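Peer 1: Next up is a structure, given as structure tokens.
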Amino acid sequence: MLGHPELFPGGLTPSTPSFQPPGRAADSSHRYEDDIAAAKALKLQVYRFSIGWPRVLPDGDPSNPNTKGVNYYNNLIDGLISSGIQPMVTMYHFDYPMAVLRANGTWAERTILEPFLAYADFLFKTFGDRVKLWTTINEPNYYCSTFALIEIPGLYTRKPGDDWKCVHNTILGHAMAYRLYEKHYRATQGGHIGGAALALWSRPNSTAWVDVEAAQRANEFSLGAMYHPLVYGEYPPSVRARVDYYSKLEGLSESRLPQFTAEEKHIVKGAADFLCFNAYFGTNMADGVHADRPRYGTMDSDRDAIEVGFQSTPGQMAGLFMRNDPYVLWEAPRWIYKNYKLPIFITENGWGDERPNTDGRRDSARAGYHSEYLHQLLRVMKEEGVPIMGYVAWSLIDTWEWSAQTGRRFGLVHVDYANGSLDRSLKESAWFFQYIGETRRVPKVEYRLGEAAAGAPATAAAGALVLLTLLLIDLANN
Numbered sequence: 001m002l003g004h005p006e007l008f009p010g011g012l013t014p015s016t017p018s019f020q021p022p023g024r025a026a027d028s029s030h031r032y033e034d035d036i037a038a039a040k041a042l043k044l045q046v047y048r049f050s051i052g053w054p055r056v057l058p059d060g061d062p063s064n065p066n067t068k069g070v071n072y073y074n075n076l077i078d079g080l081i082s083s084g085i086q087p088m089v090t091m092y093h094f095d096y097p098m099a100v101l102r103a104n105g106t107w108a109e110r111t112i113l114e115p116f117l118a119y120a121d122f123l124f125k126t127f128g129d130r131v132k133l134w135t136t137i138n139e140p141n142y143y144c145s146t147f148a149l150i151e152i153p154g155l156y157t158r159k160p161g162d163d164w165k166c167v168h169n170t171i172l173g174h175a176m177a178y179r180l181y182e183k184h185y186r187a188t189q190g191g192h193i194g195g196a197a198l199a200l201w202s203r204p205n206s207t208a209w210v211d212v213e214a215a216q217r218a219n220e221f222s223l224g225a226m227y228h229p230l231v232y233g234e235y236p237p238s239v240r241a242r243v244d245y246y247s248k249l250e251g252l253s254e255s256r257l258p259q260f261t262a263e264e265k266h267i268v269k270g271a272a273d274f275l276c277f278n279a280y281f282g283t284n285m286a287d288g289v290h291a292d293r294p295r296y297g298t299m300d301s302d303r304d305a306i307e308v309g310f311q312s313t314p315g316q317m318a319g320l321f322m323r324n325d326p327y328v329l330w331e332a333p334r335w336i337y338k339n340y341k342l343p344i345f346i347t348e349n350g351w352g353d354e355r356p357n358t359d360g361r362r363d364s365a366r367a368g369y370h371s372e373y374l375h376q377l378l379r380v381m382k383e384e385g386v387p388i389m390g391y392v393a394w395s396l397i398d399t400w401e402w403s404a405q406t407g408r409r410f411g412l413v414h415v416d417y418a419n420g421s422l423d424r425s426l427k428e429s430a431w432f433f434q435y436i437g438e439t440r441r442v443p444k445v446e447y448r449l450g451e452a453a454a455g456a457p458a459t460a461a462a463g464a465l466v467l468l469t470l471l472l473i474d475l476a477n478n
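For reference, each letter of the sequence shown is one residue, going 1 to 478 in UniProt numbering.
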């Protein structure tokens, strides 16, 4: 793995249930040329990938980089650009050097900020001449409520409020990296940096006002907690009030949600050129206190909103990520833009095929899935004037997933895990993405489960709409 040191995602140990080490996974580090060729064949414009912190800085020291890892990313970036594909880089996707963990602790500790900033500086210095689109930390709201709280014997024991401290530090880490770029690199490199979050979009379970408020709170606790500081320099009032209230009720001397100092507010406010979110489906929320509320509250229990189920849509299939909920790309962008007035980039959306004993290349439903989501995105652009910078499908190839390993196939490109060859081949849905790339139009395709292709380029064109989502906004003029 190009000199990967001892590494486990977010500090996980190999024995952590449900999260198994990936091994070579899809082996993209040695097959990146095949992946670039596949992206080019699909006529994609942007390829988003993360750089592994441990892969380029095994001990966290920028003066001692791993040459093999750096060369890999240089080759990947250069190959993408030469193929007419723009690289979009995520700095942190849940993996960091164990040396940093041992010396600086987790994201719940302020001491993580110094090595992260040094890492960000290394990335800008090494790759920034070619990378113009950056995101700092992937899904920090999800990471801090999940991975960051897994205890590591001898290294990390969870303490009350660590999830909110993690959120606070990821926001500071993002903002400090943004200011570093702004001061030293933007003038010469001309890139842009976005703040990210996972959008598990919340809808009221009923028309009752308490449920409407519960859904609003849930969105403020997930999306608002990440975006609000980047625009206004503080957490949403509802988040601050509720966490402060429960912290006092729990007998704590200070709130579990840290305060930004005056200096930090100055750093954080305005520290985003655009907002990114990853979205797959929404959930129904009802007002209420968690029955199993812990002694000390968490990000989930503090919001006093109970997840009661998912909205059922026509053509629903078994499998969590086979869920068809395209309205999330109508509702979430409207809410985000109404509150934060920044351009939006959908950095993940995709269909995870979990059908057993099927040929993963026969994925006609994938075209229908992306068609319905993209048409909602076009609608929010046209009817609400929401500026959408782009849309990135998760994922280019069938990946190794944290909780499903290779059993959940998101890829636009098939990877032969079954026979161990890891060979790449285009799936049945490839025509859909090629058609968009060639015509700048989104075919209207029905979302259904079947082996025959759902729709075809010749018949779909009559109902097509102009696709603007893959055109990048000139941020300098907005």
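Quick reminder that beta carbons are idealized off the backbone N, C-alpha and C, glycines included.
All values reported here derive from a predicted model rather than from experimental measurement.
1. Note down, one range per segment and in chain order, each alpha helix (DSSP H) of at least 4 residues found wholly within the segment 235-284.
2. Which partner residues does S50 have in the DSSP bridge list?
3. Would you decide whether E220 is buried or exposed? Buried here means 16 or more other CB atoms lie within 10 Å of its CB.
4. Could you check the C-alpha separation between G167 and E139 for me, to the nearest Å?
5. Could you give the residue range of the alpha helix (DSSP H) that holds residue 492?
6. Kindly confirm or deny that the segment 136-156 and the segment 77-84 touch, where touching means at least three C-beta pairs closer than 8 Å.
7. With DSSP run on the structure shown, which of helix, strand or coil describes H290?
8. Once DSSP output is grouped into helix, strand and coil, what is the label at I112?
9. Among W209, G195, G288, A215, which has the Cα closest to the Cα of S202?
10. Please determine, among V243, G60, I85, F122, the residue with the shortest C-alpha to C-alpha distance to D95.
11. In this structure, does DSSP put D416 in helix, strand or coil?
12. Can you tell me the Cα-Cα spacing of V445 and Y245, whole angstroms?
13. What separation, rounded to the nearest whole angstrom, lies between the Cα atoms of Y227 and I85?
14. What number of angstroms, rounded off, separates the C-alpha of Y92 from the C-alpha of M381?
15. Determine, using beta carbons only, whether L223 and A199 come nearer to each other than 9 Å.
16. Should A377 and Y47 be called a contact, given that it needs their Cβ atoms to be closer than 9 Å?
17. Determine, using beta-carbon pairs with one atom in the segment 64-75 and one in the segment 107-118, whether at least three such pairs fall under 8 Å.
18. For S145, I'd like the list of residues in its chain whose CB is within less than 6 Å of its CB, leaving aside the five on either flank, ordered along the chain.
19. Identify, in the order they occur along the chain, each residue of the same chain with its Cβ nearer than 6 Å to the Cβ of H290, setting aside the five sequence neighbours on each side.
20. According to the neighbour-count rule (16 or more other Cβ atoms, all chains shown, within 10 Å of its Cβ), is Y447 buried or exposed?
21. Can you tell which of Y119, K269, I51 has its C-alpha closest to the C-alpha of S28?
Peer 2: If we stick to the structure as given:
1. 237-249, 262-268
2. T90
3. buried
4. According to the sequence provided, residue 167 is Val. The question's Gly does not apply to it. Approximately 10 Å between the Cα atoms of the pair.
5. Residue 492 is absent from the structure shown; the chain starts at 1 and stops at 478.
6. no
7. coil
8. helix
9. A215
10. G60
11. coil
12. 49 Å
13. 28 Å
14. 29 Å
15. yes
16. Per the sequence shown, residue 377 should be read as Leu rather than Ala. Not a contact, by the Cβ cut-off of 9 Å.
17. no
18. D163, M299
19. S301
20. buried
21. I51
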